[in-house]
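Undergrad: Here's a structure for you.
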Amino acid sequence: MPRPIKSITDPRLSLQILSPEDVRRIHTATLDVIESVGVRFPSPKALKIWEAHGAQVDWDTRIVRAPGHLIEDALKKAPPVYTLAARDPAQDLPLDGNHVYVGTDGCGVQMIDLYTGQRRLSALKDVAEIARVADYVEEVAFIWIPVSAQDCPPETRSLYELKAAWENSTKHVQTESIYSEREARASVEMAALIAGGREELRRRPVLSYALCTAPPLGQDPGTLEAALVAAEAGIPVGFMTMTSCGTTAPVTLAGNLVVGNAEVISALAMIQLAYPGAPVFYAAAQTAMDLRTGGYTGGGPEDFLFGAASNVLADFYNVPLSMGSFATGAKEPNWQAGIENSLSTFMACVVMSDMLLGVGLLHGSRIWSYEQMLMDCEIFDIVYNTMKGIPVDDETLALDVIRAVGPGGNFLAQKHTRKHMRELWVPKFMDRRPYEEWEAKRDDARDWARAMARQILETHQPEPLDLQLAAELEHIIATA
Amino acid sequence: MTDELFRAMARSIIDGDPDAAADLAKKAVEAGIDPLEAINKGFVPGVDYVGEQYGKGEMFLPDLVLAGEAMKAAVAVLEPEIVRQGSQRQTLGVVVIGTVEGDIHDIGKTLVATMLSVSGFRVYDLGVDVPVATFVEKAREVSADIVGMSALLTTTMVRQRDVVEALEDAGLRSQVKVMVGGAPVTRAWAQEIGADGYSEDAIGAVAVAKQLLAK
Numbered sequence: 000m001p002r003p004i005k006s007i008t009d010p011r012l013s014l015q016i017l018s019p020e021d022v023r024r025i026h027t028a029t030l031d032v033i034e035s036v037g038v039r040f041p042s043p044k045a046l047k048i049w050e051a052h053g054a055q056v057d058w059d060t061r062i063v064r065a066p067g068h069l070i071e072d073a074l075k076k077a078p079p080v081y082t083l084a085a086r087d088p089a090q091d092l093p094l095d096g097n098h099v100y101v102g103t104d105g106c107g108v109q110m111i112d113l114y115t116g117q118r119r120l121s122a123l124k125d126v127a128e129i130a131r132v133a134d135y136v137e138e139v140a141f142i143w144i145p146v147s148a149q150d151c152p153p154e155t156r157s158l159y160e161l162k163a164a165w166e167n168s169t170k171h172v173q174t175e176s177i178y179s180e181r182e183a184r185a186s187v188e189m190a191a192l193i194a195g196g197r198e199e200l201r202r203r204p205v206l207s208y209a210l211c212t213a214p215p216l217g218q219d220p221g222t223l224e225a226a227l228v229a230a231e232a233g234i235p236v237g238f239m240t241m242t243s244c245g246t247t248a249p250v251t252l253a254g255n256l257v258v259g260n261a262e263v264i265s266a267l268a269m270i271q272l273a274y275p276g277a278p279v280f281y282a283a284a285q286t287a288m289d290l291r292t293g294g295y296t297g298g299g300p301e302d303f304l305f306g307a308a309s310n311v312l313a314d315f316y317n318v319p320l321s322m323g324s325f326a327t328g329a330k331e332p333n334w335q336a337g338i339e340n341s342l343s344t345f346m347a348c349v350v351m352s353d354m355l356l357g358v359g360l361l362h363g364s365r366i367w368s369y370e371q372m373l374m375d376c377e378i379f380d381i382v383y384n385t386m387k388g389i390p391v392d393d394e395t396l397a398l399d400v401i402r403a404v405g406p407g408g409n410f411l412a413q414k415h416t417r418k419h420m421r422e423l424w425v426p427k428f429m430d431r432r433p434y435e436e437w438e439a440k441r442d443d444a445r446d447w448a449r450a451m452a453r454q455i456l457e458t459h460q461p462e463p464l465d466l467q468l469a470a471e472l473e474h475i476i477a478t479a
Numbered sequence: 000m001t002d003e004l005f006r007a008m009a010r011s012i013i014d015g016d017p018d019a020a021a022d023l024a025k026k027a028v029e030a031g032i033d034p035l036e037a038i039n040k041g042f043v044p045g046v047d048y049v050g051e052q053y054g055k056g057e058m059f060l061p062d063l064v065l066a067g068e069a070m071k072a073a074v075a076v077l078e079p080e081i082v083r084q085g086s087q088r089q090t091l092g093v094v095v096i097g098t099v100e101g102d103i104h105d106i107g108k109t110l111v112a113t114m115l116s117v118s119g120f121r122v123y124d125l126g127v128d129v130p131v132a133t134f135v136e137k138a139r140e141v142s143a144d145i146v147g148m149s150a151l152l153t154t155t156m157v158r159q160r161d162v163v164e165a166l167e168d169a170g171l172r173s174q175v176k177v178m179v180g181g182a183p184v185t186r187a188w189a190q191e192i193g194a195d196g197y198s199e200d201a202i203g204a205v206a207v208a209k210q211l212l213a214k
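Protein chains in written order, with numbering that gives the first Met the number 0: chain B, 0 to 479; chain U, 0 to 214.
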């Protein structure tokens with residue numbers, strides 16, 4: 000049986016972070032940047048596409064300057080709504096603007112070992128095991144390749160990662176580690192096998208791509224070529240900007256949004272020029288540099304504001320959004336991790352970002368921790384319940400019950416209480432025990448999360464991949 | 000008069016103003032001031048002050064970078080003059096730096112290059128997507144003391160090992176220290192590939208470079 004998936008829907012909370020005038024100004028500034036400054040597309044294939052559609056292409060600098068109408072018209076061709084398909088159709092994820100789904104974070108390079116507690120390099124086995132735990136927890140809707148399979152050869156590493164994810168979960172798989180046309184072609188073949196053919200893959204994409212831009216105002220050549228291969232096959236493709244205030248973008252937040260926006264919408268427009276109607280999404284994880292080191296922060300008020308603002312932009316362009324939330328800069332699951340991951344996730348959820356990336360990584364998406372993963376899931380669960388708001392009607396006003404109990408009584412014995420009590424939130428990892436019980440045991444959320452992760456890993460067995468299919472995937476990788 | 004000029008030089012560094020720094024350097028040359036003295040008594044105190052303030056948490060990375068740009072502008076004017084006088088500017092060492100082949104991530108590497116440069120190293124920045132052989136050739140050409148490599152992808156990180164091996168094959172390994180960095184790079188990886196130094200950020204990289212050459 001596929002595990003249920005928890006997603007936020009029909010929210011009762013909202014937030015206005017940018018006025019329509021703000022959005023218009025950001026959009027206009029973005030088009031100005033794309034037209035007058037340009038964006039670097041260092042791939043001959045990409046440059047040819049731009050040239051064929053009338054953009055100004057400088058073949059020496061590989062910078063494209065495209066008029067605003069070309070970008071706007073191209074973006075209009077992008078489908079506003081589509082579905083990320085899962086191996087098990089019961090776990091399909093409609094990106095319809097009324098759901099918030101969480102993925103695992105990626106792509107880490109180290110693991111806090113679940114049994115020894117030691118930090119070590121990530122390997123293929125970790126991709127498989129994380130996928131298996133993620134398959135179980137209902138807060139995780141799709142598997143983003145969580146860590147790098149560093150024991151596999153670099154040329155086919157991304158493909159082994161995909162295979163491991165499919166072998167250990169029936170949920171949708173999204174990769175962020177394919178950087179070449181060759182790997183992309185192999186991944187399309189693999190996804191087609193899982194979906195049941197190329198046409199079926201187009202109808203039910205069991206794989207999607209999140210690809211990074213190269214800020215400021217650039218793209219990565221291999222990434223562009225991989226994106227084109229995926230888009231041709233109907234695999235949803237998103238471009239993620241990670242512009243950072245003061246290093247890869249202006250230090251001011253609005254200026255940061257403009258640079259990142261220019262990168263993302265120019266890339267999405269290129270895909271639409273090449274394959275009109277191909278499913279694409281906006282992806283972002285803008286941040287501010289740490290003023291002392293220039294390093295990635297992994298959280299802070301700027302990140303929280305970006306988390307809410309990006310969905311306004313994605314809505315303006317009428318495409319789904321994948322937003323970076325969670326992904327704390329903390330070194331271990333602690334106060335900082337709790338604050339950063341709660342606020343970033345709340346801000347991205349309250350505006351109904353379609354996908355959130357994601358649970359489980361520490362130290363700015365570098366170190367995987369199963370404890371953090373499950374505590375992140377609890378953060379999402381809190382936000383999920385908060386987003387339900389306060390429904391007000393006769394039943395919830397509960398006048399009859401108030402009358403029945405009267406002054407000085409209590410509500411414990413009321414049927415109304417039992418009927419609705421499960422609407423109250425029950426934590427997995429919050430410590431609400433009597434003080435003395437805590438004092439005697441001195442355990443906490445991390446211990447409970449670790450125990451739960453071990454239990455899932457030792458007991459949960461997702462619907463396995465057909466052996467023949469697995470062998471064919473292996474063959475595709477071997478010949479890629 | 001000279002003291003006033005020196006103070007203005009320091010100020011141009013603290014303000015992070017490359018134009019002012021270059022102008023002051025030109026003035027010094029015109030006034031016949033020893034260019035080495037202009038650097039050491041004029042501009043360097045500015046760099047020291049910025050470093051001190053940074054250490055206290057009063058100044059931030061952009062202050063350091065701008066100070067570096069100003070210093071670069073001053074040195075660009077004064078260096079030819081030093082050479083013309085048959086003299087030589089003391090540097091802490093020669094560094095060849097770049098992002099490895101297949102990787103276009105620029106900013107971390109550039110930041111390290113700037114910090115090394117402002118700290119007194121002579122830095123040759125090879126840019127991004129640098130082939131293994133280019134690192135080796137440049138290291139030989141400029142008699143590098145340090146070769147620094149950046150990589151942001153686990154798939155390109157392996158090139159750092161290739162460069163270490165190529166330096167070995169070229170017979171240069173004993174003469175250069177190797178430093179590696181980049182988001183996926185760890186101390187363990189640095190050790191595994193036989194690199195000499197590793198730092199998580201640019202400020203740390205300067206300390207590591209100084210330490211490596213002090214040995």
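Even for Gly, the Cβ is constructed at its ideal location relative to N, Cα and C. Note that the structure is a prediction, hence the values are computed from the model and not measured.
1. Using a beta-carbon distance below 7 Å, is residue 251 (chain B) in contact with chain U?
2. Suppose you measure from the CA of residue 400 (chain B) to the CA of residue 385 (chain B); what does that come to, to the nearest Å?
3. Interface residues of chain U around residue 320 (chain B) at Cβ under 9 Å?
4. Assuming residue 139 (chain B) and residue 355 (chain B) are in contact, meaning their beta carbons sit under 8 Å apart, how far apart are those beta carbons, in whole angstroms?
5. Does the beta-carbon of residue 339 (chain B) have 16 or more other beta-carbons within 10 angstroms, so that it is buried, or is it exposed?
6. Determine, for residue 109 (chain U), whether the minimum Cβ-Cβ distance to residues of chain B falls below 7 Å.
7. Sorted by chain position, which residues of the same chain lie with C-beta nearer than 7 Å to residue 130 (chain B)'s C-beta, five sequence neighbours on each side aside?
8. Less than 7 Å between CB atoms is the rule here; does residue 265 (chain B) satisfy it with respect to chain U?
9. Looking only at its chain, what residues have a beta carbon closer than 8 Å to the beta carbon of residue 483 (chain B), apart from the 5 residues adjacent to it on each side?
10. Quick one: grab the DSSP three-state call for residue 165 (chain B).
11. Closer than 8 Å, Cβ to Cβ, to anything on chain B: give me those residues from the segment 182–208 of chain U, in chain order.
12. Rounded to the nearest angstrom, how far is the Cβ of residue 283 (chain B) from that of residue 263 (chain B), given a contact under 8 Å?
13. What ranges does the beta strand (DSSP E) occupy inside the segment 195–260 of chain B, keeping only unbroken runs of at least 3 residues that lie completely in it?
14. Taking 6 Å as the cut-off, is the CB of residue 145 (chain U) close to at least one heavy atom of the ligand HEM?
15. Counting only C-beta atoms, is residue 150 (chain B) closer than 7 Å to chain U at any point?
16. How should residue 217 (chain B) be labelled, buried or exposed, when 16 other C-beta atoms within 10 angstroms of its C-beta is the threshold for buried?
17. So, under 8 Å CB-CB, residue 266 (chain B) and residue 29 (chain B) are touching, yes? Tell me the CB distance rounded to an integer number of Å.
18. Is it the case that the Cβ atoms of residue 327 (chain B) and residue 378 (chain B) are separated by a distance below 7 Å?
19. Let me make sure I understand the geometry here. Which of B:467, B:177, B:188, B:245 has the alpha-carbon closest to that of residue 226 (chain B)?
20. Thinking just about the alpha-carbon of each residue, which of U:59, U:56, U:67 is nearest to the one in residue 18 (chain U)?
21. Within a Cβ cutoff of 7 Å, which residues of the same chain sit near residue 461 (chain B), ignoring the five residues on either side of it in sequence?
22. Using the beta-carbon of each residue, which ones in chain U are nearer than 9 Å to residue 213 (chain B)?
23. Going by beta-carbon coordinates alone, are residue 271 (chain B) and residue 44 (chain B) separated by less than 7 Å?
24. Give the secondary structure of residue 141 (chain U) by DSSP, where H, G and I count as helix, E and B as strand, and everything else as coil.
25. Classify residue 179 (chain U) as buried or exposed, calling it buried when 16 or more other Cβ atoms lie within 10 Å of its own Cβ.
26. Residue range of the beta strand (DSSP E) that residue 323 (chain B) falls in?
27. Closer than 7 Å, CB to CB, is residue 46 (chain U) near chain B or not?
28. For a contact defined as C-beta to C-beta under 8 Å, what are the partners of residue 120 (chain B) on chain U?
29. From residue 120 (chain U) to residue 289 (chain B), what distance separates their C-alpha atoms?
30. Give me the Cα-Cα distance between residue 81 (chain U) and residue 143 (chain U), rounded to the nearest whole angstrom.
31. Check the C-beta distance from residue 144 (chain B) over to residue 190 (chain B) and give it rounded, since I have them as a contact under 8 Å.
32. Give the DSSP-derived three-state secondary structure of residue 288 (chain B) in the structure shown.
33. When Cβ atoms are compared, which residues of the segment 46–63 of chain U fall closer than 7 Å to chain B?
34. Can you tell me whether residue 98 (chain U) is helix, strand or coil according to DSSP?
35. Taking the runs of the alpha helix (DSSP H) that are 4 residues or longer, which of them lie wholly in the segment 63–136 of chain U?
36. Ends of the alpha helix (DSSP H) at residue 374 (chain B)?
TA: In this structure, then:
1. For residue 251 (chain B), the closest Cβ of chain U is not nearer than 7 Å.
2. Taking C-alpha positions only, residue 400 (chain B) is separated from residue 385 (chain B) by approximately 24 Å.
3. From the beta-carbon of residue 320 (chain B), no residue of chain U is found nearer than 9 Å; the closest lies around 24 Å away.
4. The Cβ separation is near 10 Å, so there is no contact.
5. It counts as buried.
6. Put simply, the CB of residue 109 (chain U) is far from chain B, with every gap to its CB atoms at 7 Å or more.
7. Only 142, 163, 164, 167, 168 meet the Cβ criterion.
8. Contact of residue 265 (chain B) with chain U is not assigned, every C-beta pair being separated by 7 Å or more.
9. Since the displayed chain B opens at 0 and closes at 479, residue 483 (chain B) lies outside it and no answer follows.
10. Reduced to three states, the DSSP call for residue 165 (chain B) is helix.
11. Of all residues in the segment 182–208 of chain U, 182, 183, 185, 187, 188, 199, 200, 201, 202 have a Cβ within less than 8 Å of some Cβ in chain B.
12. Rounded, the Cβ-Cβ distance is 7 Å, consistent with contact.
13. Segments of the beta strand (DSSP E) lying fully in the segment 195–260 of chain B: 206–211, 236–240.
14. This structure simply doesn't include the ligand HEM, nor any ligand for that matter.
15. Judged by the 7 Å Cβ criterion, residue 150 (chain B) is not in contact with chain U.
16. Buried is the call here.
17. Between the beta-carbon of residue 266 (chain B) and that of residue 29 (chain B) there is about 13 Å, and that puts the pair past the 8 Å contact cut.
18. Note that the C-beta distance between residue 327 (chain B) and residue 378 (chain B) is not below 7 Å.
19. Minimum Cα distance to residue 226 (chain B) is reached at B:177.
20. For the residues U:59, U:56, U:67, the minimum Cα distance to residue 18 (chain U) belongs to U:67.
21. Within its own chain, the residues whose Cβ lies closer than 7 Å to the Cβ of residue 461 (chain B), once the five positions on either side in sequence are excluded, are 131, 134, 167, 168, 169, listed in chain order.
22. 103, 104, 105, listed in chain order.
23. Taking 7 Å as the Cβ cut-off, residue 271 (chain B) and residue 44 (chain B) do not qualify as a contacting pair.
24. Residue state, collapsed to three classes: coil.
25. Its Cβ being crowded by 16 or more others within 10 Å, residue 179 (chain U) is buried.
26. Where residue 323 (chain B) is concerned, the enclosing beta strand (DSSP E) starts and stops at 320–323.
27. It does not: the Cβ of residue 46 (chain U) has no partner Cβ on chain B nearer than 7 Å.
28. Those within 8 Å of residue 120 (chain B) in chain U are 185, 187, 188.
29. Taking the straight line joining both Cα atoms gives about 25 Å.
30. Cα-Cα distance, rounded: 21 Å.
31. That pair is no contact at about 14 Å.
32. Three-state DSSP puts residue 288 (chain B) in a strand.
33. Per Cβ criterion, the list reads 59, 60, 61.
34. Residue 98 (chain U): strand per DSSP, three-state reduction.
35. For the segment 63–136 of chain U, whole alpha helix (DSSP H) runs of length 4 or above, ordered along the chain, are 106–117.
36. For residue 374 (chain B), the enclosing alpha helix (DSSP H) begins and ends at 369–385.
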